[in-house]
Amino acid sequence: MTLDRWNRWCSFLVIVLGAAAMADALKIYGVDIQRGWVGAAVAVVGAAQLVFDFGGRARDHQTLQREYYHLLSNIEAEAQPSEERVAGWYSQMIRIAGDEPPMMRALDAKAYNDAIDASGYYDRSQRLIIPVTHKLLGQFLSFEGVPYDTVAEVEERKKIAA
17 MTLDRWNRWC SFLVIVLGAA AMADALKIYG VDIQRGWVGA AVAVVGAAQL VFDFGGRARD
77 HQTLQREYYH LLSNIEAEAQ PSEERVAGWY SQMIRIAGDE PPMMRALDAK AYNDAIDASG
137 YYDRSQRLII PVTHKLLGQF LSFEGVPYDT VAEVEERKKI AA
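In my numbering, the protein residues as written are 17 to 178.
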């Protein structure tokens, strides 16, 4: 779990950086740290941990994944489902999807690119172009409504423009 790992690292950093003795301990090794910088680092890491709630997001992801797997196991357990049963499963899937957090478009685009690469069936021209800022901020901002063009689409526009 990436988000759970982030949460643990942030907790670790808040504790380590928050210790006033840490600055003194680093002086032994010739590293002169102003206590103001250590305090600022504690504030930034602590604020990030509180605001972005990495641990909570990890638990949400785990809960949703578990619910989807329960639904999948119910579907797999029934060899000849009735139409009513299929409709019930579809309804349950929609309820689970309704609990999902908003889609992070940049992360979705990255996952798409990873799937294209992993499949081996698609040409690299089918990859989406993701701006660097979106790659860096994709975990925090949704970039809702931002269209990501494929490499092929951009190349085609360049040919038309030339």
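C-beta atoms are modelled at their ideal positions from N, C-alpha and C, and glycine is treated no differently. Just so it is clear, the structure is predicted and the values come from calculations on it, not from any experiment.
1) Per DSSP, what kind of secondary structure is leucine 123 in: helix, strand or coil?
2) How far does the alpha helix (DSSP H) with arginine 143 in it reach, from first residue to last?
3) Just to confirm, are serine 135 and alanine 168 a CB contact at a threshold of 7 Å?
4) Could you give the residue range of the alpha helix (DSSP H) that holds glycine 1?
5) List the DSSP bridge partners of threonine 166.
6) What distance in whole Å lies between the Cβ atoms of phenylalanine 159 and alanine 127, which are believed to be in contact at a cut-off of 8 Å?
7) With DSSP run on the structure shown, which of helix, strand or coil describes glutamine 155?
Let me lay it out:
1) Correct three-state label for leucine 123: helix.
2) Boundaries for arginine 143: no alpha helix (DSSP H) harbours it, and the DSSP string shows neither H nor E there.
3) Going by C-beta atoms, serine 135 is not nearer than 7 Å to alanine 168.
4) Outside the displayed range of the chain (17 to 178) lies residue 1, so it cannot be described from this structure.
5) Paired residues: Leu144.
6) About 14 Å separates the two Cβ atoms, so there is no contact after all.
7) Correct three-state label for glutamine 155: coil.
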